[in-house]
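Chains as they are written, first to last, in this note's numbering: chain G, 1 to 106; chain P, 1001 to 1106.
Using N, Cα and C, we set each Cβ at its ideal position, and we do this for glycine too.
Number of protein chains: 2
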Amino acid sequence: MNTQFKKGVLELLVLLIVKEKDRYGYELVEAVSKIVDVNEGTIYPILKRLSNEGYFETYLEESKEGPVRKYYHITALGMKQSENVLKEWTAFASSVNDFVKGSVKK
Amino acid sequence: MNTQFKKGVLELLVLLIVKEKDRYGYELVEAVSKIVDVNEGTIYPILKRLSNEGYFETYLEESKEGPVRKYYHITALGMKQSENVLKEWTAFASSVNDFVKGSVKK
DNA sequence: TCTAGTACTATGTATTGTCAAGTACTAAAT
DNA sequence: ATTTAGTACTTGACAATACATAGTACTAGA
């Protein structure tokens, strides 16, 4: 898969998935992987960045199946950000797709 | 506009526009700008890269309105590449959009 | 001759995804 | 008792690509 296409979009996907309900990192890797192929080492840095930027809050919880899980919870700022990025993506994708469709017909 | 979304997509747009007919750089900047906001200093490096990779051939032509123009012509390899990248983009965008639509409804 | 528009090039920077390796916990298999 | 597989997170070096800025140079009109 084209690596470049993912840039920025992974952030959007992570925001939307955490918005749904609180998630821990590993769970997110699996959830995002269902949509686009993605690497473990890609998701964790995004989570750290989005937390640093105030879009997520975190808390720890034990697990019976392995080590402690770090859960991510979206903040009000994160909700706003997810709406903005979603709008930008929708506008961008539809603009590109409109052109692409016209281009294919010719 | 979100810079990251453009990564990889600009290459696709440039390929499709040159596929239509031969173009020179400045013309491409304007054509791509109609689809997504883009910088001059972004398009020229893409043209150089795609030429180096054998997707474009170039030739020079004089102009009455300014300095010499460098025209880009798509090669057979470039045609193939444009088809591949287009397929990848279509698959990627529809996968993301399917998820996004489901996410918005909730 | 000065300015605006056209046309291309070069360079340094920032962002973000990938890869690889490492730590560490639990549970089941040997 | 030890090894292996699955879960869970972190870190650091690396690659790709878009942006900003600046510079060169040509033409035409004020």
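Chain P residues whose Cβ lies nearer than 9 Å to that of residue i
i: Phe92(G); result: Met1001, Asn1002, Phe1005, Lys1006, Val1009, Val1036
Cβ-based neighbour list, residue i, same chain, cut-off 6 Å, excluding 5 preceding and 5 following
i: Trp89(G); result: Leu12
i: Met1(G); result: Asp37
i: Leu1050(P); result: Phe1056
Proximity test, residue i beta-carbon vs the ligand FAD heavy atom, cut-off 7 Å
i: Asn1039(P); result: Because no ligand of any kind appears in the structure shown, any question about the ligand FAD cannot be addressed here.
8 Å Cβ cut-off: residues of chain G touching residue i
i: Ser1095(P); result: Ile35, Val36
i: Leu1013(P); result: Val96, Phe99
Beta-carbon separation (whole angstroms), residue i vs residue j, contact threshold 8 Å
i: Ile1043(P); j: Val1036(P); result: Rounded, the Cβ-Cβ distance is 11 Å, inconsistent with contact.
i: Ala93(G); j: Ala1093(P); result: 5 Å
i: Gly1102(P); j: Phe5(G); result: Gly1102(P) to Phe5(G), Cβ: 20 Å. No contact.
i: Val1014(P); j: Leu1047(P); result: 7 Å
Own chain, CB closer than 8 Å to residue i, minus 5 neighbours either side, in chain order
i: Leu16(G); result: Ser82, Leu86
i: Leu1060(P); result: Val1068, Arg1069, Lys1070, Tyr1071
i: Glu62(G); result: Val68, Arg69
i: Glu30(G); result: none
Proximal residues to residue i (C-beta, below 7 Å), its chain only, five neighbours per side dropped
i: Lys19(G); result: Ile74, Met79, Ser82
i: Asp1022(P); result: Tyr1071, Tyr1072, His1073
i: Asp1098(P); result: none
i: Leu10(G); result: Val32, Val38, Thr42, Ile46
Chain G residues whose Cβ lies nearer than 9 Å to that of residue i
i: Glu944(P); result: Here chain P has residues from 1001 to 1106 only, and residue 944(P) is not among them.
i: Leu1016(P); result: Phe99, Val100, Ser103, Val104
_Inter-stretch contact (C-beta, 8 Å, three-pair minimum) for the segment 1060–1076 of chain P and the segment 1018–1029 of chain P_ = Per the Cβ contact rule, the segment 1060–1076 of chain P is in contact with the segment 1018–1029 of chain P (3 or more Cβ pairs under 8 Å).
*Report yes or no: do three or more beta-carbon pairs, one from the segment 75–86 of chain G and one from the segment 48–55 of chain G, lie closer than 8 Å?*
Look at the beta carbons and you see the segment 75–86 of chain G touching the segment 48–55 of chain G: at least three pairs across the two are nearer than 8 Å.
*Residues within the segment 41–52 of chain G neighbouring chain P, beta-carbon criterion of under 8 Å*: Against chain P - using a Cβ distance shorter than 8 Å - the segment 41–52 of chain G contributes no residues.
_chain G contacts made by the segment 1053–1087 of chain P, where a contact means CB separation under 8 Å_ = Taken in chain order, the members of the segment 1053–1087 of chain P whose beta-carbon sits within less than 8 Å of a beta-carbon on chain G are Val1085, Leu1086.
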